[in-house]
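Trainee: With this note's numbering, letter number 135 in the sequence shown gets 792, and the count goes up by one each step, no holes.
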Amino acid sequence: MLASASLGCGGPTCSNIQQPPRNSFMAENHNNSVRLMMGWRGKQCNSNRSKRVVKCSSGIGLGDFIGGDLVKFDIGRWLSDVEEHKALAIYTPHEGGYEGRYLSRLQRQGYYFLDLTARGLGDPETTLTKVHPVCPAHLGKQPIARWYFPPEVDYRLEALPPNAKGLVVWIIEAKVLSKAELQFLALLPTLRPNVRVIAECGNWRKFMWKPLNEIAGLTTSQEA
């Protein structure tokens, strides 16, 4: 009777109390801990972000806000330096494309272009100003032939129209040329007054140029 009474008493009493399952209790504790950790990390990140100071570099100019890629403020100096020095060494950004803006402005002035690459050019003096031989590929079976071509610069100068302002010899990859070859290119406008020389001698963060005489070692920066 006592056992039945204790069972009867324990039954309804325990049935009225709803205990949460263990899984839900652990999940709730886990969520609470995650909220606490996220809140602490958020406060830490906010404190770190509040301490950070973003400073703009002094290199930012007006061209960065109005389309500096299209509007070149140094075009006037570029045209005057081409006429004054007649041979320039240019340094272009690695991504390329910027030199086309300056090339097109020379083209609008009435210049015609002779595009050459320094790799495989051979002797610049012989290729540009003298009759030079060229050996075509013979594939190991045909006899070695030798063809003679006219001077590249003189041939182009004779073919210029009467209203042309001059000929621009634009040489890419000129960084592989020796100092003696660069010196000849710097003296080429003296030998051919209607010729201008632009040599791509390397890369830089922005488009810049220097007199080729200075790069070739003919003059110093103070004399230039």
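Built from N, CA and C at the ideal position, the CB exists for glycine as well.
1. For the stretch 761-777 against the stretch 828-844, do three or more pairs of beta-carbon atoms, one drawn from each stretch, fall closer than 8 Å, so that the two count as touching?
2. Are there 16 or more other CB atoms within 10 angstroms of the CB of residue 752, so buried, or fewer, so exposed?
3. Contact check, residue 862 vs residue 750 under 8 Å by CB: the rounded distance?
4. Report yes if the C-beta distance between residue 858 and residue 746 is below 7 Å; otherwise report no.
5. Roughly how many angstroms lie between the CA atoms of residue 791 and residue 785, to the nearest whole one?
6. Looking at the unbroken beta strand (DSSP E) that takes in residue 755, where does it start and where does it end?
7. What residue range does the beta strand (DSSP E) around residue 770 cover?
8. How many angstroms separate the CA atom of residue 860 from the CA atom of residue 764?
9. What residue does the alpha helix (DSSP H) around residue 810 start on, and which one ends it?
10. In the DSSP assignment, what are the bridge partners of residue 790?
11. Could you name the residues that DSSP lists as bridge partners for residue 819?
12. Whole angstroms is fine: what's the gap from residue 759's alpha carbon to residue 873's?
13. From which residue to which residue does the beta strand (DSSP E) around residue 831 run?
14. Under a three-way DSSP split, which group does residue 749 fall into?
15. Counting beta carbon pairs with one atom in the stretch 797-809 and one in the stretch 729-744, are three or more of them shorter than 8 Å?
16. Helix, strand or coil, according to DSSP, for residue 861 in the structure here?
17. Compute the Euclidean distance between the alpha carbons of residue 794 and residue 845, then round it to the nearest angstrom.
18. I believe residue 843 touches residue 869 by the beta-carbon criterion, under 8 Å. Please report the beta-carbon distance rounded to the nearest angstrom.
19. Does the beta-carbon distance from residue 817 to residue 840 come in below 7 Å?
20. Could you give the distance in angstroms between the alpha-carbon of residue 733 and the alpha-carbon of residue 832?
21. Closest to residue 855 by CA distance: which of 730, 757, 804 is it?
22. Let me know the secondary structure DSSP gives residue 849 once reduced to three states.
Mentor: Short version:
1. Contact between the stretch 761-777 and the stretch 828-844 is present, because at least three Cβ pairs lie under 8 Å.
2. Here residue 752 is taken as the residue at index 95 of the sequence shown, counted from 1. Residue 752 is exposed by the Cβ-count criterion.
3. Looking up residue 862 in the sequence shown gives position 205. Looking up residue 750 in the sequence shown gives position 93. At roughly 6 Å, the Cβ-Cβ gap stays under 8 Å, so residue 862 and residue 750 are in contact.
4. Mapped onto the sequence shown, residue 858 falls at position 201. Mapped onto the sequence shown, residue 746 falls at position 89. It is a contact, given that the beta carbons lie within the stated cut-off.
5. On the sequence shown, position 134 is the one that residue 791 refers to. On the sequence shown, position 128 is the one that residue 785 refers to. Take the alpha-carbon of residue 791 and the one of residue 785: they are about 13 Å apart.
6. Locating residue 755 in the sequence shown gives position 98, counting from the first residue. Taken as a continuous stretch (DSSP letters only), residue 755 belongs to no beta strand (DSSP E), as it is neither H nor E.
7. Residue numbering aside, residue 770 sits at position 113 when the sequence shown is read from its first letter. Per DSSP, residue 770 belongs to the beta strand (DSSP E) from 768-774.
8. By one-based count along the sequence shown, residue 860 stands at place 203. By one-based count along the sequence shown, residue 764 stands at place 107. Distance from the CA atom of residue 860 to the CA atom of residue 764, rounded to whole angstroms, is 23 Å.
9. Start at 1 with the first residue of the sequence shown, and residue 810 comes out as number 153. It spans 809-815 - the alpha helix (DSSP H) in which residue 810 sits, taken as one unbroken run.
10. Translated into the one-based positions of the sequence shown, residue 790 becomes position 133. Paired residue(s): 805.
11. For the purposes of this step, residue 819 is identified with residue 162 of the sequence shown, where counting begins at 1. Per the DSSP secondary-structure output, residue 819 pairs with nothing in a beta bridge.
12. If you number the sequence shown from 1, residue 759 lands on position 102. If you number the sequence shown from 1, residue 873 lands on position 216. A straight line joining the alpha-carbon of residue 759 with that of residue 873 spans about 22 Å.
13. Numbered from 1 along the sequence shown, position 174 holds the residue referred to as residue 831. From DSSP, residue 831 is part of no beta strand (DSSP E); its letter is neither H nor E.
14. Numbered from 1 along the sequence shown, position 92 holds the residue referred to as residue 749. Residue 749 falls in the strand class under three-state DSSP.
15. No: fewer than three Cβ pairs fall under 8 Å.
16. For this step, residue 861 is matched to residue 204 along the sequence shown. If DSSP states are grouped into helix, strand and coil, residue 861 belongs with coil.
17. Taking the first residue of the sequence shown as 1, we reach residue 794 at position 137. Taking the first residue of the sequence shown as 1, we reach residue 845 at position 188. Rounded to whole angstroms, the separation of the alpha carbons of residue 845 and residue 794 is 30 Å.
18. Taking the sequence shown and counting its residues from 1, the one referred to as residue 843 is at position 186. Taking the sequence shown and counting its residues from 1, the one referred to as residue 869 is at position 212. Contact between residue 843 and residue 869 holds, with the beta-carbon distance rounding to 4 Å and staying under 8 Å.
19. Walking along the sequence shown from the start, residue 817 turns up at place 160. Walking along the sequence shown from the start, residue 840 turns up at place 183. The beta carbons of residue 817 and residue 840 sit no closer together than 7 Å.
20. To locate residue 733, count along the sequence shown from 1; it is residue 76. To locate residue 832, count along the sequence shown from 1; it is residue 175. One C-alpha to the other measures close to 26 Å.
21. As a working mapping, residue 855 is identified with position 198 in the sequence shown. Here the closest residue by C-alpha is 757.
22. As a position in the sequence shown, residue 849 is number 192, starting the count at 1. Assignment of residue 849 by DSSP, reduced to helix, strand and coil, places it in the coil class.
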